[in-house]
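Okay, so the sequence shown: first residue is 2 according to the working numbering, each after it adds one.
Cβ atoms here follow ideal geometry from the backbone N, Cα and C, with glycine treated the same way.
A quick write-up on the structure given underneath.
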Amino acid sequence: MARKKSTDTSRVKKGAELEVEHLTEVTDVTPKQARALLRKHGADWQKLREEAEIQKEDD
């Protein structure tokens, strides 16, 4: 049985630090800000990006 390759690179593998790293790369927030956003919004990436943009504007 052949395994299906995942081509969706916008998704992050499970693991908090990988999610933090990914969020900091795609939104330019600090790791501390990324952790806070992930605690608040979980894996809702659309909401995470929106909130990260707001935080960047406030800085």
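Going by the CB atoms, is the gap between A17 and L38 shorter than 8 Å?
Counting from one through the sequence shown, the residue named residue 38 turns up at place 37. Counting from one through the sequence shown, the residue named residue 17 turns up at place 16. In this structure, the beta-carbon distance from L38 to A17 does not fall below 8 Å.
Measure the alpha-carbon distance for L49 versus P32 and round it to whole angstroms.
For the purposes of this step, residue 49 is taken as residue 48 along the sequence shown, with counting starting at 1. For the purposes of this step, residue 32 is taken as residue 31 along the sequence shown, with counting starting at 1. Here the C-alpha atom of L49 lies approximately 13 Å from the C-alpha atom of P32.
Is the Cβ-Cβ distance between V21 and R36 less than 8 Å?
The residue you call residue 21 lines up with position 20 of the sequence shown. The residue you call residue 36 lines up with position 35 of the sequence shown. Yes. Within cutoff.
Whose C-beta lies closer than 6 Å to the C-beta of T25 among residues of the same chain, with five residues either side of it excluded?
As a first step, residue 25 is located in the sequence shown; it is residue number 24 there, counting from the start. Answer for T25: P32, A35, listed in chain order.
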